[in-house]
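In our numbering, the protein residues as written are 14 to 264.
These notes concern the structure reproduced below.
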Amino acid sequence: TTEIYTLSLHDALPISTVGNDNSTLQNSPAAKEALNRLITVQSLTQRNRIKVLNNDLQAQLGQVALPQVTGLGQGSQNLNIAYTGNHNNYTINYTVGDTPLAFNSPIVNKQNPYAVLQKQTFNSANEAKQQISYIVAEDTFRGMPVTGLKSGITAFYDQGAGHSNLYWNEGNWSLGVKANSLADQKPDPLAHQTLDLLDQYYLPAPKSVGEISFNSTITPRMRNQVIKWQDGNIVFTLTAHDPEKIGRAHV
14 TTEIYTLSLH DALPISTVGN DNSTLQNSPA AKEALNRLIT VQSLTQRNRI KVLNNDLQAQ
74 LGQVALPQVT GLGQGSQNLN IAYTGNHNNY TINYTVGDTP LAFNSPIVNK QNPYAVLQKQ
134 TFNSANEAKQ QISYIVAEDT FRGMPVTGLK SGITAFYDQG AGHSNLYWNE GNWSLGVKAN
194 SLADQKPDPL AHQTLDLLDQ YYLPAPKSVG EISFNSTITP RMRNQVIKWQ DGNIVFTLTA
254 HDPEKIGRAH V
């Protein structure tokens with residue numbers, strides 16, 4: 014069966030997922046509607062471009078987890094993809110250039126990816142779990158200042174020289190947003206922004222843990238926005254550049 018992970022690559026946030034049994038979309042009309050709206054908002058050229066490149070990837074890697082949308086507001090017609098690896102372990106670079114290039118063109122590797130998707134297969138589920146920076150915020154930051162987020166979620170501040178971060182848990186996910194206090198940044202707006210997305214769209218259900226780490230500081234040519242989740246003895250990692258454009262591809 015085909016693994017499909019519908020990811021908003023530009024914003025580093027999965028939108029909805031279909032596991033090996035396709036149960037997520039089948040059992041969730043809201044997830045299916047969100048996926049349909051996300052795909053529909055793209056132009057035919059944009060949709061065809063990622064579809065063609067996905068077909069090329071699957072011809073090389075087999076039936077693997079791949080994004081179905083670019084997450085880009087503009088430039089999707091110039092989406093380029095290059096990969097290394099095999100079915101069990103691969104790294105896929107997503108770039109946008111001045112023109113669309115051939116699949117896996119060497120030129121793509123000279124471009125700075127706006128997103129990277131990686132799959133790693135380990136010897137055991139326990140070894141895979143060790144790759145995830147999962148924390149129980151209530152235990153790790155016990156005694157630290159707290160703030161209330163929507164839906165009754167309690168987030169814990171971790172404040173120190175130059176930083177002010179917020180951490181909380183949802184299901185099997187450990188979430189953290191980081192801000193640079195020296196630049197008068199606060200983590201709260203990004204925390205609320207993240208929760209707004211999670212109210213509308215769906216993350217994979219980690220088996221057994223996952224982490225989200227977003228950063229309010231946008232550093233040129235760096236992908237310091239991270240979503241990472243375990244699926245048995247497999248770990249998927251999605252990194253991208255900018256969390257501020259979350260929702261750009263959505264209606």
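Ideal Cβ placement from N, Cα and C applies to all residues, glycine included.
1. Quick check: what's the CA-CA separation for T252 versus Q90?
2. Whose CA, out of H254, D244 and T250, lies closest to the CA of N136?
3. So T207 is in the alpha helix (DSSP H); what residue range does that whole segment cover?
4. Hey, could you find the ends of the beta strand (DSSP E) D244 is sitting in?
5. Could you check the C-alpha separation between G175 and S194 for me, to the nearest Å?
6. Give me the residue from N101, H100 and S118 with the minimum Cα distance to Y107.
7. With H, G and I counted as helix, E and B as strand and the rest as coil, what does DSSP make of L74?
8. Considering only C-alpha positions, which residue in the set S187, T83, T232 and R236 is nearest to L208?
9. Could you check what DSSP says for L179 in three-state terms: helix, strand or coil?
10. Taking the alpha-carbon of Q143 as reference, which of E151, T134 and A150 has the nearest alpha-carbon?
11. Three-state secondary structure (DSSP) at I247?
Walking through what the data contain:
1. For the purposes of this step, residue 252 is identified with residue 239 of the sequence shown, where counting begins at 1. For the purposes of this step, residue 90 is identified with residue 77 of the sequence shown, where counting begins at 1. Approximately 21 Å, taken between the alpha carbons.
2. Residue 136 sits at position 123 when you count from the first residue of the sequence shown. When each option's Cα is compared against that of N136, the closest is D244.
3. For the purposes of this step, residue 207 is taken as the residue at position 194 of the sequence shown. DSSP places T207 in the uninterrupted alpha helix (DSSP H) bounded by D201 to Q213.
4. In the sequence shown, counting from the first residue as 1, residue 244 sits at position 231. That run of the beta strand (DSSP E) goes Q238 to D244.
5. In the sequence shown, counting from the first residue as 1, residue 175 sits at position 162. In the sequence shown, counting from the first residue as 1, residue 194 sits at position 181. A direct Cα-to-Cα measurement between G175 and S194 gives close to 5 Å.
6. Translated into positions along the sequence shown, residue 107 becomes position 94. The residue with the shortest Cα to Cα distance from Y107 is S118.
7. As a working mapping, residue 74 is identified with position 61 in the sequence shown. Assignment of L74 by DSSP, reduced to helix, strand and coil, places it in the helix class.
8. By 1-based counting over the sequence shown, the position of residue 208 is 195. Of the listed residues, the one whose Cα sits closest to L208 is S187.
9. Working through the sequence shown from its first residue, we reach residue 179 at position 166. L179 falls in the strand class under three-state DSSP.
10. By 1-based counting over the sequence shown, the position of residue 143 is 130. Out of E151, T134 and A150, the CA that lies nearest to the CA of Q143 is found in T134.
11. Walking along the sequence shown from the start, residue 247 turns up at place 234. Here I247 sits in strand by DSSP.
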